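Going by the working numbering, the residue at position 180 of the sequence shown is 180; the numbering climbs one at a time, nothing skipped. Below is one structure, written out as structure tokens, with a few remarks after it.
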Amino acid sequence: MTALDLIFSPENRACVHDSDEVLAYTRAFQYVLFDSWFSWPGVIKAIKTRQREAICMLKDMPNIFYGYNGRFYRLAELYAVVTKRKGDILASVVVDYYGLSVRIVFVRNRANKREWLALLSTNTAIPEEEIIRIYGMRWDIEVYFKMCKSFLGLAKKFQVRDYDAMVAHTTLVCVRYLLLSIENRESKDDRFWGGIFYEMCEEVENISFAKAFINLLELFTQVLRDKLYLPDDLLEEILDSFMESLPEFLKRRLLTRAA
């Protein structure tokens, strides 16, 4: 069995079938998000042929390969050869994925910073940060499902064979979740106040970087004047020398913020 043949496994067939059902009701979406459980070439190609983009988590599998610089690598091997960089986004590379051009973004695992995670996007035009942001929407769905199943008794508090009863139970669970979400929003989230919240944010807006820097310089000058009794012309000379010694990127930032 090849990697592309895996589309015909029951789980992957169900994944594509669910996407077709959604497309039958609405076309107002661009991305299909899923975890590494469904990240097989057949699934990704099927989504792409339906004029939608896929963003998914990847895992290192022995029979899945990625074409890069004329060679084919497993996921872990690909990570070993790509150029790394500092920060949370460790690397980003466009590869050939069974006939598709896809972008793979390697990010640092927050649970274990020595490990990495890999995201695949069939849309190679968007930035790495946007790929991560879009995939992050899946987490809200995971939280919702966990809440409904573990705390609201989804599929656990009834034993019936009637389909209408199942739908009614699921609907009641969703309504209970909505009520809890509203209560949580009103009691804990200040954004509930609407315009008042944003007006308050404007009033307590943090001072700019340039303003904070100038305030520190003025305080430093005052300390030199009071403690060392330095004349003003000498203080100005010291400050001018200090400003000239600043790195160029910091000078540009001060000028930009001041403007």
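Ideal placement from N, C-alpha and C gives every residue a C-beta, glycine not left out. Source: prediction; values computed, not measured.
| query | result |
| --- | --- |
| With DSSP collapsed to three states, give me the class of Val175. | helix |
| Once DSSP output is grouped into helix, strand and coil, what is the label at Met243? | helix |
| DSSP puts Tyr31 in a beta bridge; with which residues? | Glu53 |
| Grouping DSSP H, G and I as helix and E and B as strand, with all else coil, what is Tyr97? | strand |
| Tell me, please, whether the stretch 27 to 41 touches the stretch 49 to 67 by the rule of three or more beta-carbon pairs shorter than 8 Å. | yes |
| If you follow the beta strand (DSSP E) that Pro67 is part of, which residue opens it and which one closes it? | According to the sequence as given, residue 67 is Gly; it is not Pro. Unbroken beta strand (DSSP E) run through Gly67: Tyr66 to Tyr68. |
| What would DSSP say about Val223, mapped onto helix, strand or coil? | helix |
| Taking only the alpha-carbon atoms, compute the straight-line gap between Leu78 and Gln30 and give it to the nearest angstrom. | 28 Å |
| What number of angstroms, rounded off, separates the C-alpha of Leu239 from the C-alpha of Gly87? | 34 Å |
| List the DSSP bridge partners of Phe106. | Ala91 and Ala118 |
| Tell me the residue span of the beta strand (DSSP E) that contains Tyr73. | Arg71 to Tyr73 |
| For the 8 Å Cβ check, are there 3 or more pairs between the stretch 123 to 130 and the stretch 94 to 114? | yes |
| Please classify Thr122 as buried or exposed, where buried requires at least 16 other C-beta atoms within 10 Å of its C-beta. | buried |
| At which residues does the alpha helix (DSSP H) containing Tyr144 begin and terminate? | Glu128 to Ser150 |
| Report the rounded CA-to-CA distance for Ser101 versus Leu119, giving the unit in angstroms. | 14 Å |
| Let me confirm a value: Val143 is counted as buried when at least 16 other C-beta atoms fall within 10 Å, else exposed. Which label applies? | exposed |
| On a CA-only basis, which of Ser150, Leu117, Ala46 and Asn215 is nearest Leu254? Give me that one, please. | Asn215 |
| Pull up the DSSP beta-bridge partners for Leu58, would you. | Ala118 |
| For Arg138, which residues in the same chain have their Cβ closer than 6 Å to its Cβ, ignoring the five residues on either side in sequence? | Leu33 |
| According to the neighbour-count rule (16 or more other Cβ atoms, all chains shown, within 10 Å of its Cβ), is Gly42 buried or exposed? | buried |
| Which of the three DSSP states is assigned to Ala111 in this structure? | coil |
| Label Ala155 either buried or exposed according to how many other C-beta atoms from any shown protein chain fall within 10 Å of its C-beta, with 16 as the threshold for buried. | exposed |
| So for Ser299, helix, strand or coil by DSSP? | This structure cannot settle anything about residue 299, because the visible part of the chain is limited to 1 through 259. |
| Which residue from Arg50, Ile44, Val82 and Ala54 puts its Cα closest to that of Ile64? | Ile44 |
| Please classify Leu117 as buried or exposed, where buried requires at least 16 other C-beta atoms within 10 Å of its C-beta. | buried |
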